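Chemist: Dropping the structure in here first, questions after.
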Amino acid sequence: MSDQTEWNYSPAPESAKQAHISGRYEHFINGKWTAPKEGDYFSTTNPANGKKIAEVASGSQADVNAAVKAARAAYEGPWGKLSARDRGKYIYRIARLIQERAREFAIIETLDGGKPIRESRDVDIPLAANHFFYYAGWADKLEYAFPNRKIASLGVAGQVIPWNFPLLMAAWKIAPALATGNTVVLKPAETTPLTSLKLAELIAESGLPEGVVNIVTGAGETGAAIVNHADVNKVAFTGSTSVGKLIQKSVAGSNKKVTLELGGKAANIILDDAAIDQAVEGIVNGIYFNQGHVCCAGSRLFVQESVFDEVMWKLKRRMDTLIVGDPLDKNTDVGAINSKEQLRTIEKYIKTGREEGSEMYQTSCKLPASGNWCAPTVFTNVAQSSTIAQEEIFGPVLAVQTFRTVPEVIEKANNTPYGLSAGVWSDKGARLFQISSNLDAGVVWGNTYNQFDPTSPFGGYKESGFGREGGLHGLAAYLDM
Amino acid sequence: MPDCTLLSPPFNRVQSISRRRFPGKVRLASGQQRGENRTRSGLVPVRIFPLIMKTKSAATARYDISCSPPVDQVGIAERAQRFTTRSIKTGAKREGLLKVLNMIDLTTLEGADTPNKVRQLCYKAEHLHDAIPGLPTTAAVCVYPPFVKVARQALGSASPVKIASVATSFPSGQGHLDHKLEETQRAVGDGADEIDMVISRGKFLAGDYNYVFDEIAQIKEACGKARLKVILETGELGTLDNVRRASDIAIHAGADFIKTSTGKISSAATIPVTLVMLLAIRDYHFQTGKMVGMKPAGGISKAKLALHYLVMVKETVGPEWLTNQWFRFGASSLANDVLMQVAKLEDGLYQAPQYFSKD
Chain A
8 MSDQTEWNYS PAPESAKQAH ISGRYEHFIN GKWTAPKEGD YFSTTNPANG KKIAEVASGS
68 QADVNAAVKA ARAAYEGPWG KLSARDRGKY IYRIARLIQE RAREFAIIET LDGGKPIRES
128 RDVDIPLAAN HFFYYAGWAD KLEYAFPNRK IASLGVAGQV IPWNFPLLMA AWKIAPALAT
188 GNTVVLKPAE TTPLTSLKLA ELIAESGLPE GVVNIVTGAG ETGAAIVNHA DVNKVAFTGS
248 TSVGKLIQKS VAGSNKKVTL ELGGKAANII LDDAAIDQAV EGIVNGIYFN QGHVCCAGSR
308 LFVQESVFDE VMWKLKRRMD TLIVGDPLDK NTDVGAINSK EQLRTIEKYI KTGREEGSEM
368 YQTSCKLPAS GNWCAPTVFT NVAQSSTIAQ EEIFGPVLAV QTFRTVPEVI EKANNTPYGL
428 SAGVWSDKGA RLFQISSNLD AGVVWGNTYN QFDPTSPFGG YKESGFGREG GLHGLAAYLD
488 M
Chain B
831 MPDCTLLSPP FNRVQSISRR RFPGKVRLAS GQQRGENRTR SGLVPVRIFP LIMKTKSAAT
891 ARYDISCSPP VDQVGIAERA QRFTTRSIKT GAKREGLLKV LNMIDLTTLE GADTPNKVRQ
951 LCYKAEHLHD AIPGLPTTAA VCVYPPFVKV ARQALGSASP VKIASVATSF PSGQGHLDHK
1011 LEETQRAVGD GADEIDMVIS RGKFLAGDYN YVFDEIAQIK EACGKARLKV ILETGELGTL
1071 DNVRRASDIA IHAGADFIKT STGKISSAAT IPVTLVMLLA IRDYHFQTGK MVGMKPAGGI
1131 SKAKLALHYL VMVKETVGPE WLTNQWFRFG ASSLANDVLM QVAKLEDGLY QAPQYFSKD
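As they're listed, the protein sequences go chains A and B.
Residues 8 to 488 (this note's numbering) make up the first sequence, in order.
Residues 831 to 1189 (this note's numbering) make up the second sequence, in order.
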């Protein structure tokens, strides 16, 4: 018997053949595929190997104008006149269609964005469908959601979404907008437009009236054109804090309703009485999920000093079992970094961390030769003033600090411009509640991390943005009350 | 209640100190017994077990039970689920399946067992399916004590297949200690290589941890050279915290293996329970450098599930546990399902169950 072998898993790749991707995609405006007015296309590539997947239209002001015009016409026309019950019917239909094509969506999400197929299959796509299901149910029950309030839809919603959860973010934006009777112009991120475009195919198939959902692709300028368009009533943006600040400036003086979901630098706090092995699992899930491309990632770890050695030993061991590589392989835990540009940013921060005297540990896993890769990384000997503890890295890089007392860790955790999320780990319920109620963060997870549900509101404090998505709060963001 | 002083204040202090200084690998001086002069956490203890002082050769330990760390059930369930999403294909599947066969304790524990059935079982253990050449033997056969002699005659003295015997008033554990010791000694005398004992769950649930510890330590002494597997019967322990505590007690009392279940009650081995036990084994290994084996038993009858267990072992305690020296499956029907999968890898076709011997 080959007793002493490592027993490594053989490759188990998901077949990319299941995904039908065209060579070129145009804008989806007024229910039709529409060539860009200025004729430009750009490529979207697979970050795991650098190969081009498809060409996508680059949106100009003229394209955005056409999309907003179509959305306005639909709002004034068929969609505005539709009964709430029928609105719900369409949203249910979209949810079911996503479920039916879940596998194809998962593969495309992984090809285009680099996230492991395990995550797109088990998290992104099912959650996206759930968001449509959840908000479909509210469509004809809005008066029960906000009793004794006079409510009205807003009009045209301009929505700009990031590249870390492409389809899921589209669902977060589109589902509540439709349920409340608004129409949509959505721009996916330039590195990950494909699942939004596949969603457009599916929306066309669902028979949703033309112009209710319009999808315009492009880079930052396209997004700016949507946000600044005079006929847009509502702006919803998820992305970086710097862009969020620009948007906030540009909508000042208009009566556009705005929600911004921006960056984060979440504190994940391990108390000495926590179940350490499960806490370590939560640390890994908090920072290495989706290569750390998560706005609510637990990127600052605070460990009570009495359990520091144990946590670090267990964390490093667990990190060593993470499989980094081909995102389409079903056994991959950590996939490819979304873009060359993002990889450079992460590498820059890792360099800074080392230069500032923090100790680095990286897993020794073999990284593929081509594509954008970053091994899971953890820094110890980090100060509250270290760059890697202050700035959002948006990559698989964890900064660890220790603390002695609870007031100390609350102060440190809140000492950041961000306030999106946090995690607390303790075996005592009372301590969990005491600490979580003192943290300035929109979401605080107790003895778990990165749990998402359509019924639960999500959003930030301070420079992490304002407004809530998900749950009843998510409806309110698309209603005039 | 033999010794309540264990939970008295000095130990609480030890706990807080040990939590702060989670030690590096503790290297024991040569000749030093496991746990001698040390607690689990490597600190000199305040009190000792009087009973263990008398039994010199037992694997002694002075171990603070209140140190058992908490277990978060939700977190365990999530981690357990994640093991089952690993996709084991082609070469890894074949290698894994052969490992599984070689880790099985082929078991018959029925009131209706006969000497002939035990002989057949022994033959099957050495000849799993001769139609496929190159298959391993199982790790052991597991029988009731009266059949140990029969099994020894059937297997001879040179067989790679070990003989495991349940003992200590299996499966309930409701018996007198002197009777349990005698039963153990007799099974070893008859030729058993391994003893599968059950803990006294009643005493454990009543909080009499010292009794449970002492009993295991004495059975271990009675085992002599035979390896001791300690069955926690996790289905009766109620919580994962209890599973962890029972694992710690068994390990520190000298268990060579810890085992989930007797297979005689409906809630037998599960991935979450096995994970909690593996984490106890891993922590002990980290603190002392010593390996302890793991045996999930009962309820594992499919090859795919068995492969998930191997994934869990590899990713929790490490690949060095992936031999039958350190990991076993207690199962009666698992072998045939694995054989069917191996046959499918050989010729690409699933064969009907009637082509595989049922013993």
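All residues carry an ideal CB built from backbone N, CA and C; glycine is no exception.
Keep in mind that this is a model prediction, so the values were computed, not measured.
CB-CB under 7 Å to A:A26, same chain, minus the five flanking residues each way: which ones, in chain order?
Modeler: Counting only Cβ-Cβ distances below 7 Å, and skipping sequence neighbours, we find E111, I114, I115, L118.
Chemist: Alpha carbon to alpha carbon, how far is A:A196 from A:K256? Give it in angstroms, no decimals.
Modeler: Straight-line Cα distance between these residues: approximately 21 Å.
Chemist: So is B:I934 in contact with chain A if we call contact Cβ pairs under 8 Å?
Modeler: Answer no: the Cβ-Cβ gap between B:I934 and chain A never drops below 8 Å.
Chemist: Between which two residues does the alpha helix (DSSP H) containing A:T117 stretch?
Modeler: First-last of the alpha helix (DSSP H) with A:T117: 109-120.
Chemist: Find out if the Cβ-Cβ distance for the pair A:N275, A:G430 is shorter than 8 Å.
Modeler: Yes; because the gap between Cβ atoms is below 8 Å, this pair is in contact.
Chemist: Report, in whole angstroms, the separation of the C-beta atoms of A:A164 and A:A182, which I expect to be a contact under 8 Å.
Modeler: Incorrect: roughly 12 Å between the Cβ atoms, too far for contact.
Chemist: Would you list the residues sitting across from B:V1042 in a DSSP beta bridge?
Modeler: Paired residue(s): none; B:V1042 is not in a bridge.
Chemist: Taking only beta-carbon atoms, is B:G1068 less than 8 Å away from chain A?
Modeler: So, not an interface residue.
Chemist: Please list, in chain order, all residues of the same chain as A:G188 whose beta carbon is under 6 Å from its beta carbon, the five residues on each side excluded.
Modeler: S160, listed in sequence order.
Chemist: What are the residues that DSSP puts in a beta bridge with A:L32?
Modeler: One detail in the question is off: residue 32 of chain A reads as Tyr in this sequence, not Leu. Paired residues: A:V63.
Chemist: My output table needs one value for A:K419: the three-state DSSP class, helix, strand or coil.
Modeler: In the structure shown, A:K419 sits in a helix (DSSP, three-state: H, G or I).
Chemist: Measuring straight from C-alpha to C-alpha, what distance separates A:K157 and A:Y485?
Modeler: Near 13 Å, if we compare the C-alpha coordinates of A:Y485 and A:K157.
Chemist: Taking B:G1160 as the reference, give the member of B:G1032, B:T914, B:S995, B:C1053 with the closest Cα.
Modeler: Out of B:G1032, B:T914, B:S995, B:C1053, B:S995 has the C-alpha closest to the C-alpha of B:G1160.
Chemist: Does A:K58 have its Cβ less than 8 Å from a Cβ in chain B?
Modeler: No, A:K58 lies away from the interface with chain B (no Cβ there is under 8 Å from its Cβ).
Chemist: Using a Cβ-based criterion (distance less than 7 Å to any ligand heavy atom), does B:L1135 qualify as near the ligand SAM?
Modeler: The ligand content of the structure shown is nil, which means the ligand SAM is not present either.
Chemist: Count the other C-beta atoms from every protein chain shown that fall within 10 angstroms of the C-beta of B:V816, then say buried if there are 16 or more, exposed otherwise.
Modeler: Outside the modelled stretch of chain B, which goes from 831 to 1189, sits residue 816 of chain B, for which no answer is possible.
Chemist: Let me check understanding here. Comparing Cα to Cα, which of A:A77, A:T328, A:F49 lies closest to A:V191?
Modeler: Looking at the Cα atoms, A:A77 is the closest of the given residues.
Chemist: If we ignore side chains and look at the alpha-carbon of each, how far apart do A:P375 and A:G332 end up?
Modeler: Cα to Cα, A:P375 sits roughly 6 Å from A:G332.
Chemist: Looking only at C-alpha atoms, which of A:N338, A:S65, A:R325 sits nearest to A:V223?
Modeler: Minimum Cα distance to A:V223 is reached at A:S65.
Chemist: Unbroken alpha helix (DSSP H) runs of length 4 or more, entirely within the segment 155-210 of chain A: which are they?
Modeler: Entirely contained in the segment 155-210 of chain A, the alpha helix (DSSP H) runs reaching 4 residues are, in chain order, 173-186.
Chemist: What residues in the segment 901-931 of chain B have a beta carbon less than 8 Å from any beta carbon of chain A?
Modeler: Correct list: V901, D902, V904, G905, I906, E908, R909, T915, R916, S917, I918, K919, T920, G921, A922, K923, E925, G926, L928, K929.
Chemist: Using 8 Å as the threshold, is the segment 929-942 of chain B in touch with the segment 968-983 of chain B, meaning 3 or more CB pairs across them?
Modeler: The segment 929-942 of chain B is in contact with the segment 968-983 of chain B.
Chemist: Here's the rule: buried if 16 or more other CB atoms are within 10 angstroms of the residue's CB, otherwise exposed. What is A:I105?
Modeler: Buried, since its Cβ has 16 or more Cβ neighbours within 10 Å.
Chemist: Measure the beta-carbon distance from B:V991 to B:V973 and round it to whole angstroms, keeping in mind my assumption that it falls under 8 Å.
Modeler: Actually they do not touch by this definition, with Cβ atoms about 12 Å apart.
Chemist: Starting from the C-beta of B:E908, find all residues in its chain whose C-beta is less than 6 Å away, skip the five residues before and the five after it, and write them out in chain order.
Modeler: No residues qualify anywhere along the chain.
Chemist: Considering only the beta carbon of each residue, do A:A121 and A:A343 sit closer than 8 Å?
Modeler: It is worth fixing the name first, because residue 121 of chain A is Gly in this sequence and not Ala. A contact, by the Cβ cut-off of 8 Å.
Chemist: Return the first residue and the last residue of the alpha helix (DSSP H) that A:F440 is part of.
Modeler: Start and end: 436-443.
Chemist: Quick check on the burial criterion: 16 or more other C-beta atoms within 10 angstroms. Buried or exposed for B:T944?
Modeler: By the neighbour-count rule (16 or more Cβ atoms within 10 Å), B:T944 is not buried but exposed.
Chemist: Along chain B, which residues have their Cβ under 9 Å away from the Cβ of A:T455?
Modeler: Within chain B, the residues near A:T455 are D902, V904, G905, E908.
Chemist: Does A:E126 come within less than 8 Å of chain B when only Cβ atoms are used?
Modeler: So no, A:E126 is outside the interface.
Chemist: Considering only the beta carbon of each residue, do B:T1104 and B:A1098 sit closer than 8 Å?
Modeler: No. Outside cutoff.
Chemist: Give the interface partners of B:L965 over in chain A, defined as CB-CB distance under 8 Å, in chain order.
Modeler: Chain A residues near B:L965: none, gap ~10 Å exceeds 8 Å.
Chemist: Say whether the segment 262-276 of chain A touches the segment 358-377 of chain A, bearing in mind that this needs 3 or more beta-carbon pairs closer than 8 Å, one atom from each stretch.
Modeler: Output reads no: the segment 358-377 of chain A does not touch the segment 262-276 of chain A.
Chemist: Does the distance from the CB of B:I1081 to the CB of B:I1088 come in under 8 Å?
Modeler: For B:I1081 and B:I1088, yes; Cβs fall inside 8 Å.
Chemist: Look up A:W452 in the DSSP assignment and say whether it is helix, strand or coil.
Modeler: DSSP places A:W452 in strand when its eight states are reduced to three.
Chemist: Suppose the cutoff is 7 Å on Cβ atoms and the five residues either side in sequence are ignored; what does the same chain contact list for B:E1013 look like?
Modeler: Counting only Cβ-Cβ distances below 7 Å, and skipping sequence neighbours, we find P975, A997, T998.
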